[in-house]
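Only one structure is covered here, and it is reproduced in the block below.
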Amino acid sequence: MTITYNHTLATTRWTAIVRTIFRWNGSVWKAVYYELFIWCFLVFEEVVNVCDKYTDFVPLTFMLGYYVTLVVGRWWNAILNIGFIDNIALLVANYIRGDDERSMMYRCTIVRYMCLLQVMVYRTISVTVRKKFPTLQSLVDAGYVEEAELKTLNEDNLWLPLHWALGLVNEARDERIIQCDNAVQQIFRACADFRTSQITLWIYNWIPVPLLYTQVVYITVRLYFLLAVLGRQFTENDEYPIDTYVPFLTILQFIFYVGWLKVAESLLNPFGDDDDDFDAAWFLERNLRNAVAIVDDNYRKNPESAFNEFLANGLTNKAECSQIFVGKALATLPLFRGALSKYSGKSMTVHYHSDLASTNFLGPFFMILRWKGSLWKAVYQELILWLIAYAALSCTYAFWLTNAQKRSFERVVKLCNKYGELIPLTFMLGFYVTLVIERWWACMIRVAIIVANHVRGNSDQAKIYRSSLVRYVALIQLMVYRAISTPAKKRYPTLQSIVDAGYLKDYELKRFSENNFWICIQWALSLARKAREEAIILNDFALEDIYKACIDFRQNHIYLYLYSWIPIPLGYTQVVFVTVRLYFLVAAIGRQYIASDRKLWPRAFEILDEKNAVPPPLTKWRQRREATAKDPNRRSYSIHQALSALPTVKGK
Numbered sequence: 190m191t192i193t194y195n196h197t198l199a200t201t202r203w204t205a206i207v208r209t210i211f212r213w214n215g216s217v218w219k220a221v222y223y224e225l226f227i228w229c230f231l232v233f234e235e236v237v238n239v240c241d242k243y244t245d246f247v248p249l250t251f252m253l254g255y256y257v258t259l260v261v262g263r264w265w266n267a268i269l270n271i272g273f274i275d276n277i278a279l280l281v282a283n284y285i286r287g288d289d290e291r292s293m294m295y296r297c298t299i300v301r302y303m304c305l306l307q308v309m310v311y312r313t314i315s316v317t318v319r320k321k322f323p324t325l326q327s328l329v330d331a332g333y334v335e336e337a338e339l340k341t342l343n344e345d346n347l348w349l350p351l352h353w354a355l356g357l358v359n360e361a362r363d364e365r366i367i368q369c370d371n372a373v374q375q376i377f378r379a380c381a382d383f384r385t386s387q388i389t390l391w392i393y394n395w396i397p398v399p400l401l402y403t404q405v406v407y408i409t410v411r412l413y414f415l416l417a418v419l420g421r422q423f424t425e426n427d428e429y430p431i432d433t434y435v436p437f438l439t440i441l442q443f444i445f446y447v448g449w450l451k452v453a454e455s456l457l458n459p460f461g462d463d464d465d466d467f468d469a470a471w472f473l474e475r476n477l478r479n480a481v482a483i484v485d486d487n488y489r490k491n492p493e494s495a496f497n498e499f500l501a502n503g504l505t506n507k508a509e510c511s512q513i514f515v516g517k518a519l520a521t522l523p524l525f526r527g528a529l530s531k532y533s534g535k536s537m538t539v540h541y542h543s544d545l546a547s548t549n550f551l552g553p554f555f556m557i558l559r560w561k562g563s564l565w566k567a568v569y570q571e572l573i574l575w576l577i578a579y580a581a582l583s584c585t586y587a588f589w590l591t592n593a594q595k596r597s598f599e600r601v602v603k604l605c606n607k608y609g610e611l612i613p614l615t616f617m618l619g620f621y622v623t624l625v626i627e628r629w630w631a632c633m634i635r636v637a638i639i640v641a642n643h644v645r646g647n648s649d650q651a652k653i654y655r656s657s658l659v660r661y662v663a664l665i666q667l668m669v670y671r672a673i674s675t676p677a678k679k680r681y682p683t684l685q686s687i688v689d690a691g692y693l694k695d696y697e698l699k700r701f702s703e704n705n706f707w708i709c710i711q712w713a714l715s716l717a718r719k720a721r722e723e724a725i726i727l728n729d730f731a732l733e734d735i736y737k738a739c740i741d742f743r744q745n746h747i748y749l750y751l752y753s754w755i756p757i758p759l760g761y762t763q764v765v766f767v768t769v770r771l772y773f774l775v776a777a778i779g780r781q782y783i784a785s786d787r788k789l790w791p792r793a794f795e796i797l798d799e800k801n802a803v804p805p806p807l808t809k810w811r812q813r814r815e816a817t818a819k820d821p822n823r824r825s826y827s828i829h830q831a832l833s834a835l836p837t838v839k840g841k
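In this note's numbering, the protein residues as written are 190 to 841.
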């Protein structure tokens, strides 16, 4: 019969009082909840006013903005560190040379160990990879590890594959398969950078965004709209009594804020199963396939062609001979200042520094009034549409609506003007634009200058080496731009069009395809190695410099490819785009000048004052329509008058 709770107070812990207070059976909550609901119903309007007042105390925009920025920054940094194996494979293929079985074993095993390191990290951070490779035995079946190696490998020693790979590099150097210490140093550095990228992913999974920060943001958003459930109710004592049963503006605000939060939720773990998550399983297969192809003998060598024949027999200095190797596009362009302008297309960047070269007061005006790439060109169409909508509503209010309809319209205007401030336009747009600009900025690499200074000599062979090296590097740039740029794809729609432009030769086209455009760098590195063997490149330091420039050039273009392959999450873009458009849609109504603003803007309402201005035709028609609506007899008489006033034809 009696509710006992002595056992909850057996100790003096602070949790004991919490367990006692929140008991239900026999509690004060069970005794008073019915009367409490009745009291809340009776004072509903006071509760609504309090909730509406205190929703402003919730720092929603500020807290949510910084949280989403933090999550998006971690997401993009994780994407940059997904780990392309191509750089390691290219260095291994060009420094561990030889067609014998042992050299081939060294190349394949080193890249396999690095792929094994990556798949073990991805098994830790990715749900899809964990499902595909649930056990270490599944890695044996997939070809990442052998049975003998599995005995010393376990889930915890992720560093072991890297240790094996570096040990093989040292063995290859001891056996003189790798011929210089600089090569060992470069391979070591590439492997260490690869491990750093994978450890970065592992740390992001191991140390997520602090749980306290995530909980505060999640609770803040939910609490805000929990208060809005009551605070946004329309009551009889409301300042703007509009009979609306659907809180449209609060719904829009819910879409903005909760959609903004959902963007962060989907990006907290970019290796999950959401729509915006990264396909880690496919990427691992891609890395293993490309690594094996790069170190394969068939891809490692330059294409057999007339190239070797001309190297052996020498060349003349005739233009038609050099044009064979330089290519149509390069050989026919005049090389004097300004001559390339007629060959160039649209400029990527609008230059306006000349307008601000001096402190002349006219400089900023010239810059402001520019059209190409300007603010005016970007927004004028939407601005015209918004002005048309605003003018249409103004004319409707001034000349078309009845007095009762005007009063209803004024309440709508005041309501939109009040709640238009709830749309978080400034804060949300600021973070989004910052993210886009950070992705847009990039840097350029000076491969051609390095090649020209290290591959020296006036002989035909030296010229061919230089032109072929820069052509291969330009080819990989073209292939990346065909993938990310619509104008480049239109300019070079097929591989044959690239041959016609001089970037690629017919004999090279046989071993080239859309998917293995990394082979261009492979050919360039192999050609540089051959130039070193023939003493056209004088030392290993010059060869290392060329290798590094080519690898860095490729890495920067991989970043460009990533920008196109993995865009800003669609949900984030949609939230920002919808926010901006709806803000000005609400402003088109909320910023109307209505009769209650007459004291603030007396001159703006002179056209509406019937004592000082003659009513326009639309106003006269509206007055007749109001009188007709009040007097049915006048309506019939007016219709009869209208019919009798029609012109008649004689004889009818």
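Beta carbons are placed, not taken as given, at the ideal position from N, Cα and C, and that holds for glycine.
Coil, strand or helix - residue i by DSSP
| i | result |
| --- | --- |
| Gly448 | helix |
| Ser674 | coil |
| Glu599 | helix |
| Asp734 | helix |
| Gln368 | coil |
| Thr313 | helix |
| Lys507 | Residue confidence for Lys507 is low, a pLDDT of 37 falling below 50, so the modelled location carries little weight and cannot support an answer. |
| Leu457 | coil |
| Val481 | helix |
| Gly646 | coil |
| Phe467 | coil |
| Asp382 | helix |
| Asn592 | helix |
| Val406 | helix |
| Trp395 | helix |
| Ile757 | coil |
| Asn476 | helix |
| Arg411 | helix |
| Asp462 | coil |
| Tyr579 | helix |
| Asn214 | coil |
| Val515 | Low confidence applies to Val515: its pLDDT is 40, below 50, so where it sits in the model is not reliable, and the reading given next is rough at best. Reduced to three states, the DSSP call for Val515 is helix. |
Nearest neighbour of residue i, chosen from the options [CA to CA]
| i | options | result |
| --- | --- | --- |
| Val767 | Phe445, Ser583 and His746 | Phe445 |
| Glu723 | Ser702, Ser648 and Ala337 | Ser648 |
| Val405 | Leu450, Gln442 and Tyr393 | Leu450 |
| Arg411 | Ser753, Met668, Asp485 and Leu253 | Leu253 |
| Val316 | Tyr772, Val281 and Asn394 | Asn394 |
| Leu279 | Ile299, Phe598 and Asn270 | Ile299 |
| Ala470 | Lys652, Ile367, Lys320 and Asn343 | Lys320 |
| Met668 | Ile747, Gln763, Lys595 and Arg596 | Ile747 |
| Leu355 | Leu342, Arg378 and Val447 | Arg378 |
| Arg671 | Ser686, Gly272 and Glu224 | Ser686 |
Mind the definition here: the region 250 to 270 touches the region 371 to 379 only if three or more C-beta pairs lie below 8 angstroms; say whether that holds.
-> no
Would you check if there are 3 or more beta carbon pairs closer than 8 angstroms linking the region 661 to 672 to the region 701 to 710?
-> yes
Are at least three pairs of beta-carbons, each pair with one atom in the region 641 to 648 and one in the region 715 to 733, less than 8 angstroms apart?
-> yes
Could I get the ranges of all uninterrupted alpha helix (DSSP H) runs contained in the region 679 to 737, with 4 residues as the minimum, in chain order?
-> 684 to 690, 695 to 698 and 708 to 722
Within the region 264 to 335, note down every full alpha helix (DSSP H) run reaching 4 residues or more, in order along the chain.
-> 275 to 284, 290 to 314, 316 to 321 and 325 to 331
For the region 452 to 468 and the region 248 to 262, state whether three or more C-beta atom pairs, one from each stretch, are separated by less than 8 angstroms.
-> yes
Below 8 angstroms, can you find three or more Cβ-Cβ pairs linking the region 277 to 291 to the region 319 to 328?
-> no
Length-filtered (4 minimum) alpha helix (DSSP H) runs lying within the region 338 to 369 | 349 to 363
Three or more beta-carbon pairs under 8 angstroms between the region 711 to 721 and the region 676 to 684, yes or no?
-> no
Give a yes or no on contact between the region 294 to 308 and the region 346 to 362, applying the rule of three or more CB pairs nearer than 8 angstroms.
-> yes
Decide if the region 680 to 694 is in contact with the region 735 to 754; the criterion is three or more beta carbon pairs, one per stretch, under 8 angstroms apart.
-> no
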